[in-house]
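Basically this note's numbering = 1-based index in the sequence shown + 27. We put the beta carbon where it would ideally sit given N, CA and C, even for glycine.
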Amino acid sequence: MGDSTFKENVTAIIPAFNEETTIGSVVLSTLMYVDQVIVVDDGSSDRTSVIAEAAGAEIIQHKSNEGKGAALRTGFQAIGDRDIVVTLDGDGQHNPVEIPKLLKPIIDGEADIVNGSRYLGKDSTDTPGYRRIGQTVLDKATSLSSGLNLTDSQSGFRAFANYTLSVFKFNHDGFSIESEMLIDAANFGSKIVEVPIKVNYNSKSNGEIHKKNPVSHGLGVLVKLIQDMEFNRPLYYFVLPGLILIVIGLTLGLFFFGDYLNHHTTSLLPTVMAAMIGLGGLFIAFTGIILHSMSRLLERNNNK
Numbered sequence: 028m029g030d031s032t033f034k035e036n037v038t039a040i041i042p043a044f045n046e047e048t049t050i051g052s053v054v055l056s057t058l059m060y061v062d063q064v065i066v067v068d069d070g071s072s073d074r075t076s077v078i079a080e081a082a083g084a085e086i087i088q089h090k091s092n093e094g095k096g097a098a099l100r101t102g103f104q105a106i107g108d109r110d111i112v113v114t115l116d117g118d119g120q121h122n123p124v125e126i127p128k129l130l131k132p133i134i135d136g137e138a139d140i141v142n143g144s145r146y147l148g149k150d151s152t153d154t155p156g157y158r159r160i161g162q163t164v165l166d167k168a169t170s171l172s173s174g175l176n177l178t179d180s181q182s183g184f185r186a187f188a189n190y191t192l193s194v195f196k197f198n199h200d201g202f203s204i205e206s207e208m209l210i211d212a213a214n215f216g217s218k219i220v221e222v223p224i225k226v227n228y229n230s231k232s233n234g235e236i237h238k239k240n241p242v243s244h245g246l247g248v249l250v251k252l253i254q255d256m257e258f259n260r261p262l263y264y265f266v267l268p269g270l271i272l273i274v275i276g277l278t279l280g281l282f283f284f285g286d287y288l289n290h291h292t293t294s295l296l297p298t299v300m301a302a303m304i305g306l307g308g309l310f311i312a313f314t315g316i317i318l319h320s321m322s323r324l325l326e327r328n329n330n331k
């Protein structure tokens, strides 16, 4: 058994989709550090639910595959009166022995949410290079949208104090849920810290049944982050593109008008088109400034 200090009133949520090769050992190991494990079987066609239940987990089943975000939403809705909630993947890449490491900052009152990071410490180079490049892009996009400076925005190995659970909106059903939860927590003002974790990319489920192409996965998450930035960071979403269009419009306008003055062309149409580009950029930039002001005003009213 694990240290009882870390076991009391802790629930682990494990979203799983066709993880029969690893789910049993993940559940058994996790139960050494928590007193309840909820496996959300997200429409598996194999024996994931049967094996997880035999290992001691409580099972919630989706009739079809709805996505990781939907599975986490279902799991969070099923939580009772627990002090801390831990999330980890069912494919064996997360080591449950590290659960106490995630729980400690919350128990010590140093954090509201703890993010397990693959990129802190000496083992950060264990991540394949192609994954790390994509992760860096997603980290930067999440940072722009949330204002957080985290090293692993896509980690699924996390711990949450119970009082933070109500802040999560679960708008996204897919893998972009990892970033969405961080953005929701940041907007609420939750204190988030990171601790280093190790990841096993050589587990059987990871190596033989890689269910989602990492490129399409990363692009999908990035698109969702950019869409969310419209509401979370309107200055980045509107003002920056607007300024770029203003610069392009001014540059082209001066160039085309110079050609007209030097009699290289007899038409002012290119100059007018360039001016329209600049005016369009100006409109977009002002839209971002107005939305930013409105969001700040709403934020101040909510904090009163």
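Exposure label - residue i; buried when at least 16 CB within 10 Å
{"i": "G245", "result": "For G245, the pLDDT reaches just 49, beneath the cut-off of 50, and the residue's location in the model is therefore unreliable, leaving the point undetermined."}
{"i": "K196", "result": "exposed"}
{"i": "L288", "result": "exposed"}
{"i": "L99", "result": "buried"}
{"i": "M303", "result": "exposed"}
{"i": "D24", "result": "What is shown of the chain runs 28 to 331, which leaves residue 24 out entirely."}
{"i": "L272", "result": "buried"}
{"i": "M300", "result": "exposed"}
{"i": "D69", "result": "buried"}
{"i": "S76", "result": "buried"}
{"i": "I317", "result": "exposed"}
{"i": "G285", "result": "exposed"}
{"i": "M28", "result": "Residue confidence is low: M28 scores 41 on pLDDT, short of 50, so the model does not pin down where it sits. No coordinate-derived value is stated."}
{"i": "Q181", "result": "buried"}
{"i": "S91", "result": "exposed"}
{"i": "G234", "result": "Only weak support is given to the placement of G234: the predicted model assigns it a pLDDT of 42, under 50, and the value that follows is read from those uncertain coordinates. Its Cβ having fewer than 16 others within 10 Å, G234 is exposed."}
{"i": "L306", "result": "exposed"}
{"i": "G136", "result": "exposed"}
{"i": "Y146", "result": "buried"}
{"i": "F313", "result": "exposed"}
Which of helix, strand or coil DSSP assigns to residue i
{"i": "Q104", "result": "helix"}
{"i": "M308", "result": "Here the sequence assigns Gly to residue 308, which means Met is not the residue at that position. Residue state, collapsed to three classes: helix."}
{"i": "I317", "result": "helix"}
{"i": "D211", "result": "helix"}
{"i": "T292", "result": "coil"}
{"i": "A98", "result": "helix"}
{"i": "S144", "result": "strand"}
{"i": "V220", "result": "strand"}
{"i": "V77", "result": "helix"}
{"i": "V164", "result": "helix"}
{"i": "L274", "result": "The sequence shown places Val at residue 274, not Leu. Reduced to three states, the DSSP call for V274 is helix."}
{"i": "V61", "result": "coil"}
{"i": "A82", "result": "coil"}
{"i": "D135", "result": "coil"}
{"i": "G269", "result": "helix"}
{"i": "S170", "result": "helix"}
Residue nearest to residue i in terms of C-alpha spacing, selected from the options
{"i": "L279", "options": "L270, I271, N289, T298", "result": "T298"}
{"i": "L115", "options": "D73, K225, S193", "result": "K225"}
{"i": "A97", "options": "N227, V54, I40", "result": "I40"}
{"i": "S71", "options": "S56, N176, V53, E46", "result": "E46"}
{"i": "I311", "options": "I133, V266, T293, F103", "result": "V266"}
{"i": "E120", "options": "A79, G183, T314, G136", "result": "According to the sequence provided, residue 120 is Gln. The question's Glu does not apply to it. When only C-alpha atoms are compared, the closest one is G183."}
{"i": "S52", "options": "G117, T178, A213", "result": "G117"}
{"i": "A82", "options": "I50, A105, K95, I106", "result": "I50"}
{"i": "N198", "options": "H290, K95, S91", "result": "K95"}
{"i": "N176", "options": "I210, V194, I204", "result": "I210"}
{"i": "G308", "options": "G269, S56, G102, V274", "result": "G269"}
{"i": "F44", "options": "V37, H290, N36, R74", "result": "R74"}
{"i": "I106", "options": "E93, I87, P132", "result": "I87"}
{"i": "T178", "options": "E205, T57, S193, V194", "result": "E205"}
{"i": "V66", "options": "V164, A84, S294", "result": "A84"}
{"i": "P223", "options": "H89, N122, T48, T101", "result": "N122"}
{"i": "T349", "options": "P42, T38, A79", "result": "Residue 349 lies beyond the range of the chain shown here (28 to 331); nothing can be said about it."}
{"i": "F103", "options": "L130, P42, T292, G276", "result": "P42"}
For residue i: DSSP bridge partner residues
{"i": "D69", "result": "H89"}
{"i": "F187", "result": "V112, I140"}
{"i": "Q181", "result": "Per DSSP, none; premise fails for Q181."}
{"i": "Q120", "result": "Looking at the DSSP assignment, Q120 forms no beta bridge with any residue, so it has no partner."}
{"i": "K43", "result": "The residue you asked about is not Lys; residue 43 is Ala in the sequence shown. According to DSSP, A43 bridges with D68."}
{"i": "V226", "result": "H121"}
{"i": "T49", "result": "T49 is not bridged to any residue."}
{"i": "V346", "result": "In this structure the chain extends from 28 to 331, so residue 346 is not present and cannot be described."}
{"i": "T38", "result": "Q63, V112"}
Is the stretch 114–127 close to the stretch 50–67, with three or more CB pairs under 8 Å? yes
Okay, do the stretch 184–194 and the stretch 132–151 touch, 3+ Cβ pairs below 8 Å being the bar? Because the criterion of three Cβ pairs below 8 Å is met, the stretch 184–194 and the stretch 132–151 touch.
Give a yes or no on contact between the stretch 101–115 and the stretch 212–227, applying the rule of three or more CB pairs nearer than 8 Å. no
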